[in-house]
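**Student:** Have a look at this one.
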Amino acid sequence: MLSYLTPDSLEKYGVANFDSWVSAFEVIEDNFELTVSGTFKVNRRFTKFGNLQELMNMFGEVWDIQTQEMLNLPVPEHEVKIIKSHVTPTQAKYINDLVERATQIEHGAIKPWEDNMLKIVSEN
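Residues in the sequence shown are numbered consecutively from 7, following the working numbering.
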């Protein structure tokens, strides 16, 4: 967003390209993540921002941020309800079938044009 709103500031602070911006403001960590097939694998991800005060100062040059307290707008009352449901045998079988398909895909047992992860995650 800053590259559109204030590219000169990015140049001034030496973070005009992606790599320099990431090294200045992002924290990258290795985390175990659960795959669709129920196994774990290590992925590198942006997990949080670093140098947040400096980043907010850069955004503050072009953004006008208004908080709820500043606007003093009414907020409707609400009640949080947690509704629990149990998995039916049909749903459990469907989920197990999806896991089995995903496992076969990850191990290369199925050709990509026959079945793939996109097909699995987009089925309803």
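Think of the CB as a built atom: it goes at the ideal place given N, C-alpha and C, for glycine as much as any other residue.
Can you tell me the Cβ-Cβ gap for residue 98 and residue 43, rounded? I've got them flagged as a contact below 8 angstroms.
**Tutor:** That belief does not hold up - the Cβ atoms of residue 98 and residue 43 are roughly 16 angstroms apart, past 8 angstroms.
**Student:** Considering only C-alpha positions, which residue in the set 30, 53, 123 is nearest to residue 36?
**Tutor:** 53
**Student:** How would you label residue 86, buried or exposed, when you count the other beta carbons within 10 angstroms and need 16 or more for buried?
**Tutor:** Exposed, by the Cβ-count rule.
**Student:** Pull up the distance between the alpha-carbon of residue 21 and that of residue 27, whole angstroms please.
**Tutor:** 5 angstroms
**Student:** Pull up the distance between the alpha-carbon of residue 2 and that of residue 49, whole angstroms please.
**Tutor:** Any question about residue 2 goes unanswered here, given that the chain covers just 7 to 130.
**Student:** Find the nearest neighbour of residue 24 within the set 73, 9, 78, judged by alpha-carbon distance.
**Tutor:** Each of 73, 9, 78 was checked against the Cα of residue 24, and the nearest Cα belongs to 9.
**Student:** Taking its Cβ as the centre, do 16 or more other Cβ atoms sit within 10 Å of residue 62, making it buried, or is it exposed?
**Tutor:** exposed
**Student:** Taking only the alpha-carbon atoms, compute the straight-line gap between residue 65 and residue 82 and give it to the nearest angstrom.
**Tutor:** 30 angstroms
**Student:** Closest by CA to residue 113, which one among 33, 75, 41, 57?
**Tutor:** 41
**Student:** Expressed to the nearest angstrom, what Euclidean distance is found between the alpha-carbon atoms of residue 117 and residue 32?
**Tutor:** Between the alpha carbons of residue 117 and residue 32 lies a gap of roughly 37 angstroms.
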